[in-house]
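Notes follow once the structure below has been shown.
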Amino acid sequence: MLSLNNVHVYYGAIHALKGISFQVNQGEIVTLIGSNGAGKSTCLKTISGLLHPKQGSVQFKDKDLSNVNAPEIVAMGISHVPEGRRIFANMSVSENLDLGAYLRKDKQNIKDDMEKVYTLFPRLRERRKQLAGTLSGGEQQMLAMGRAVMSRPQLLILDEPSMGLAPLLVKQIFEIIKEINESGTTVLLVEQNARMALSIANRAYVLETGKIVLEGDAKELLESEEVKKAYLGG
Ligand code: ATP
Numbered sequence: 001m002l003s004l005n006n007v008h009v010y011y012g013a014i015h016a017l018k019g020i021s022f023q024v025n026q027g028e029i030v031t032l033i034g035s036n037g038a039g040k041s042t043c044l045k046t047i048s049g050l051l052h053p054k055q056g057s058v059q060f061k062d063k064d065l066s067n068v069n070a071p072e073i074v075a076m077g078i079s080h081v082p083e084g085r086r087i088f089a090n091m092s093v094s095e096n097l098d099l100g101a102y103l104r105k106d107k108q109n110i111k112d113d114m115e116k117v118y119t120l121f122p123r124l125r126e127r128r129k130q131l132a133g134t135l136s137g138g139e140q141q142m143l144a145m146g147r148a149v150m151s152r153p154q155l156l157i158l159d160e161p162s163m164g165l166a167p168l169l170v171k172q173i174f175e176i177i178k179e180i181n182e183s184g185t186t187v188l189l190v191e192q193n194a195r196m197a198l199s200i201a202n203r204a205y206v207l208e209t210g211k212i213v214l215e216g217d218a219k220e221l222l223e224s225e226e227v228k229k230a231y232l233g234g
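Residue numbers (UniProt numbering): 1 to 234.
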C-alpha cells in the first residue's frame, strides 16, 4: 500500500533521513521505533506531505507522493495524527469531529462514523459539547484520533499517541488502535513506548540516526535481545 524507497530528507544542512526504505501492506499495523532524534517523526511528515524528499520516493497505491502537498494527501486517504494533538481549542468536541470529515462527499455515512467514534471513545460522547481546549490531555488525544477516523482514512498515521498519558489510558489507546485496525484501517505508528507498540504491531522497523538498522516481525523483535537491551529497558 505504502512504500518509501531510498528516501533522503534534509532540514537545511541537517541530513535527517539517510536513505530510508520500508513498506506498509494493506491491513497491517507497522511501527517505527528508535531513540530520540532517530528520524521517526520526519518519516511520518514526509509521508503526509509536510516534508518532501530530496532524493528517493514515497509511493502510495502506485502513486508517487514525493511532491504532493499535504491537503491532497489527506484527500488520497492518508490521515496523520501529529505529535502534540492539534485540535481546535475554541471549537466543541463534535465540531472538531465534523471537521475531520470535511473532505468527504458521502455525507450520509458521516453520522454513522460519528457514532462509531463515540462508541470507541465514550468519553468524547459525554463531552461532545465541551470546548476542545478544556479537555484533559488524554481526552485531547482521543479527539485527535477520533477526528482522524472521521476522515475514513485508508492509512492512519499516529505519532506518539501515548505521549503524556497515564498508564491505564495508554493501554486503552492501544486497544482502540487495534480496534480501528480490525475495522479495516491500515496503521503506521511511531512510539516511544516500544514494548506497547511491538505488542500490537504486525511488523516493525528500528531507526537510528536517519537509517533503518533492524526490521522484522513485531513479536520476534519483542523477544530479540538486541531490541530488549536498546529499546525495551533490558
Ligand atoms: P523523537 O522520538 O525525539 O520525537 P524522532 O525519531 O521523531 O525523535 P525527528 O523528530 O524525526 O526524530 O528528528 C530527526 C532529526 O532531525 C533530529 O536530529 C532533529 O533534531 C532534526 N530535526 C527535526 N525537525 C527539525 C527542524 N524543523 N529543523 C532542524 N532539524 C530538525
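Just so you know, even glycine gets a beta-carbon here, dropped at the ideal spot from N, CA and C.
Of all the options M114, G39, I14 and G12, which has the alpha carbon lying nearest to the alpha carbon of S21? The sequence position of residue 21 within the sequence shown is 21, counting from 1. Proximity to S21 across M114, G39, I14 and G12 peaks at G39, based on C-alpha coordinates.
For N193, is the classification buried or exposed, using 16 other Cβ atoms within 10 angstroms of its Cβ as the cut-off for buried? Residue 193 sits at position 193 when you count from the first residue of the sequence shown. Residue environment for N193: buried (at least 16 other C-beta atoms within 10 angstroms of its C-beta).
Go to K229, then tell me how far its alpha helix (DSSP H) extends in each direction, as first and last residue. For the purposes of this step, residue 229 is identified with residue 229 of the sequence shown, where counting begins at 1. E225 to Y231 is the span of the alpha helix (DSSP H), which, as asked, contains K229.
Quick one: what does DSSP say A38 is sitting in, helix, strand or coil? By one-based count along the sequence shown, residue 38 stands at place 38. Coil at A38, not helix or strand.
Where DSSP assigns a beta bridge to T119, which residues make up the other side? Here residue 119 corresponds to residue number 119 of the sequence shown, with the count starting at 1. In DSSP, T119 forms no bridge with anything.
Heavy atom of ligand 1 less than 7 Å from the Cβ of S205, yes or no? On the sequence shown, residue 205 is found 205 positions in, with the first residue counted as 1. The sequence given here has Tyr at residue 205, not Ser. Every heavy atom of ligand 1 is 7 Å or more from the Cβ of Y205, so no.
State the CB to CB distance for the pair T42 and V81, rounded to an integer number of angstroms; the pair is presumed to be in contact (CB under 8 Å). If you number the sequence shown from 1, residue 42 lands on position 42. If you number the sequence shown from 1, residue 81 lands on position 81. Not confirmed; about 16 Å, so no contact.
Could you check if residue 284 belongs to the surroundings of ligand 1, using beta carbon to heavy atom distance under 7 Å? The structure shown does not extend to residue 284, since the chain is modelled only from 1 to 234, so the question has no answer here.
Return the chain-ordered list of same chain residues with a C-beta closer than 6 Å to the C-beta of I176, the five sequence neighbours on each side being excluded. As a position in the sequence shown, residue 176 is number 176, starting the count at 1. Closer than 6 Å at Cβ, skipping near neighbours: L120.
Under three-state DSSP, which class holds K63? By one-based count along the sequence shown, residue 63 stands at place 63. Note: K63 maps to strand in three-state DSSP.
Whose C-beta lies closer than 8 Å to the C-beta of N25 among residues of the same chain, with five residues either side of it excluded? On the sequence shown, position 25 is the one that residue 25 refers to. Excluding residues up to 5 positions away in sequence, M1 and T186 lie with their Cβ nearer than 8 Å to the Cβ of N25 in the same chain.
Are there 16 or more other CB atoms within 10 angstroms of the CB of R147, so buried, or fewer, so exposed? The count along the sequence shown starts at 1 and reaches residue 147 at position 147. The C-beta of R147 has 16 or more other C-beta atoms within 10 Å across all chains shown, which makes the residue buried.
Along the chain, which unbroken stretches of the beta strand (DSSP E) at least 3 residues long are found entirely within the region 155-231? Counting only runs of 3 or more, we get 155-159, 186-190, 203-208 and 211-217.
Would the beta-carbon of G210 fall within 8 Å of that of K45? For this step, residue 210 is matched to residue 210 along the sequence shown. For this step, residue 45 is matched to residue 45 along the sequence shown. Between G210 and K45, the CB-CB gap reaches or exceeds 8 Å.
Element boundaries [beta strand (DSSP E), containing N96]: Within the sequence shown, the letter at position 96 stands for residue 96. Element bounds for N96: not the beta strand (DSSP E) but the alpha helix (DSSP H), V93 to G100.
Within the present structure, is the beta-carbon of K40 separated from the nearest heavy atom of ligand 1 by less than 7 Å? One-based indexing of the sequence shown puts residue 40 at position 40. The answer is yes for K40.
Distance, P153 Cα to A72 Cα: Taking the first residue of the sequence shown as position 1, residue 72 is located at position 72. Taking the first residue of the sequence shown as position 1, residue 153 is located at position 153. Reading off the sequence, residue 72 comes out as Glu, not Ala. Approximately 13 Å, taken between the alpha carbons.
Since I believe G138 is in contact with A89 (beta carbons under 8 Å), could you give me their beta-carbon distance rounded to a whole number of angstroms? Your numbering for residue 89 matches position 89 in the sequence shown. Your numbering for residue 138 matches position 138 in the sequence shown. Contact between A89 and G138 is absent: CB atoms are separated by about 16 Å, not below the 8 Å threshold.
Which partner residues of V81 appear in the DSSP bridge assignment? What you label residue 81 is simply residue 81 of the sequence shown in a count that begins at 1. V81 pairs with L158.
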